[in-house]
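Visitor: Numbering (the numbering used here), first residue to last: 1 to 286.
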């Protein structure tokens, strides 16, 4: 199997990751569209970058803050490769669920919009400065592990999430001029609606009223994956959701559009790094 099948899904190797990144840390062009087994906070600082989800896209501006829930597909394209400064924080779902309280659900900010849409806030300079300061402290605690770093990291992460949560309470999702071509947005929508059915290039081309070769080329240019690779990754993401909800691996296979369990198990293992059964067991263990 092509390596991209595995890497479209980015498995977090730590409970919390906080990084200040630049253009040198950009995802390789072949892996632009991806998802994580955890939530992501992305603050754009500088550069010339277009950011995409499955149904929308935006040319980023300094202060744009994007909140992505676990397993949602997203990616960025550098218009100019020289500059891409941003802060990226990834949080495993099991960690996020334990950070709040009965009165305060700190995961709510990730759920304001459907997973296919851009969940966008915009920070003014004072908030950018404050966010950056806290993120730098969090990064240092996670990297250096001084005494009490577990407590301090948790406190700093909670501080950031409360800051974001207060902004989402007062601000609706930002409106913006979309940059994704309508026929590509419709392609993503068609795949979502027919994910468990057989999907052919001919069907997609007829649905969006474009030549199949042109559609394939444009889709891969934006997403970094072929249509076949993307559909496969979407089906695996659906299977993961079903397994987390308690469906048996065999039911997850059938309900996510795979007709052969052996093929499903092999494909799942290559993407997620473990078998469907082990994935479910690890998730249920928390």
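Ideal Cβ placement from N, Cα and C applies to all residues, glycine included. The structure displayed is predicted, hence computed values, not measured ones.
Hey, out of 45, 54, 119, whose CA is closest to residue 193's CA?
Guide: Within the chain shown, residue 193 is the residue found at index 193, counting from 1. Here the closest residue by C-alpha is 54.
Visitor: Measure the C-alpha to C-alpha separation of residue 97 and residue 106 and round it to an integer number of angstroms.
Guide: Translated into positions along the chain shown, residue 97 becomes position 97. Translated into positions along the chain shown, residue 106 becomes position 106. If you take the alpha carbons of residue 97 and residue 106, they lie about 8 Å apart.
Visitor: In whole angstroms, give me the CA-to-CA distance for residue 126 and residue 21.
Guide: Sequence index remark: in the chain shown, residue 126 carries index 126 (1-based). Sequence index remark: in the chain shown, residue 21 carries index 21 (1-based). The straight-line gap from Cα to Cα measures roughly 20 Å.
Visitor: In or out: residue 234 buried (at least 16 other Cβ within 10 Å) or exposed?
Guide: Here residue 234 refers to the residue found at position 234 of the chain shown. When all chains shown are included, residue 234 counts as buried.
Visitor: List in chain order: all unbroken beta strand (DSSP E) runs of 3+ residues lying wholly within the region 43-127.
Guide: Fully enclosed beta strand (DSSP E) runs of 3 or longer: 57-59, 64-68, 74-92, 120-122.
Visitor: Less than 8 Å between the C-beta atoms of residue 52 and residue 38, yes or no?
Guide: To locate residue 52, count along the chain shown from 1; it is residue 52. To locate residue 38, count along the chain shown from 1; it is residue 38. No. Outside cutoff.
Visitor: Should residue 121 be labelled buried (16 or more other beta-carbon atoms within 10 Å of its own) or exposed?
Guide: For the purposes of this step, residue 121 is taken as residue 121 along the chain shown, with counting starting at 1. With 16 or more other Cβ atoms within 10 Å, it is buried.
Visitor: Taking 6 Å as the limit between beta carbons, can you name the residues of its chain near residue 15, skipping five residues before and five after?
Guide: As a first step, residue 15 is located in the chain shown; it is residue number 15 there, counting from the start. The answer, listed in chain order, is 92, 95.
Visitor: Suppose contacts are defined by Cβ-Cβ distances below 8 Å. Is residue 135 in contact with residue 89 by that definition?
Guide: Along the chain shown, read from residue 1 onward, the residue named residue 135 stands at position 135. Along the chain shown, read from residue 1 onward, the residue named residue 89 stands at position 89. Yes, the pair counts as a contact, with Cβ atoms nearer than the cut-off.
Visitor: Apply the 10 Å Cβ neighbour rule to residue 119 and answer buried if 16 or more other Cβ atoms are within range, or exposed otherwise.
Guide: Here residue 119 refers to the residue found at position 119 of the chain shown. With 16 or more other Cβ atoms within 10 Å, it is buried.
Visitor: Nearest-angstrom Cα distance between residue 162 and residue 177?
Guide: Taking the chain shown and counting its residues from 1, one reaches residue 162 at position 162. Taking the chain shown and counting its residues from 1, one reaches residue 177 at position 177. Near 28 Å, if we compare the C-alpha coordinates of residue 177 and residue 162.
Visitor: Pick from 170, 197, 208, 165: whose alpha carbon is nearest that of residue 186?
Guide: Residue 186 sits at position 186 when you count from the first residue of the chain shown. Of the candidates 170, 197, 208, 165, the one whose C-alpha sits nearest the C-alpha of residue 186 is 208.
Visitor: Just grab the DSSP bridge partners of residue 156 for me.
Guide: Taking the first residue of the chain shown as position 1, residue 156 is located at position 156. Answer is none; residue 156 lacks a bridge partner.
Visitor: Using C-beta distances below 8 Å, list every residue in its chain close to residue 83, excluding the 5 sequence neighbours before and after it, in chain order.
Guide: As a position in the chain shown, residue 83 is number 83, starting the count at 1. Closer than 8 Å at the Cβ level, and outside the excluded window around residue 83, lie 22, 23, 46, 47, 48.
Visitor: Looking at the secondary structure, which residues open and close the beta strand (DSSP E) in which residue 253 lies?
Guide: Looking up residue 253 in the chain shown gives position 253. Unbroken run through residue 253 is the alpha helix (DSSP H), 249-255; no beta strand (DSSP E).
Visitor: Kindly indicate which residue of 231, 129, 255, 142 has the alpha-carbon position closest to the one of residue 33.
Guide: Position 33 of the chain shown, counted from the start, is the residue given in the question as residue 33. If we check each option's Cα against that of residue 33, 231 comes out closest.
Visitor: Give the DSSP-derived three-state secondary structure of residue 17 in the structure shown.
Guide: The residue you call residue 17 lines up with position 17 of the chain shown. If DSSP states are grouped into helix, strand and coil, residue 17 belongs with the strands.
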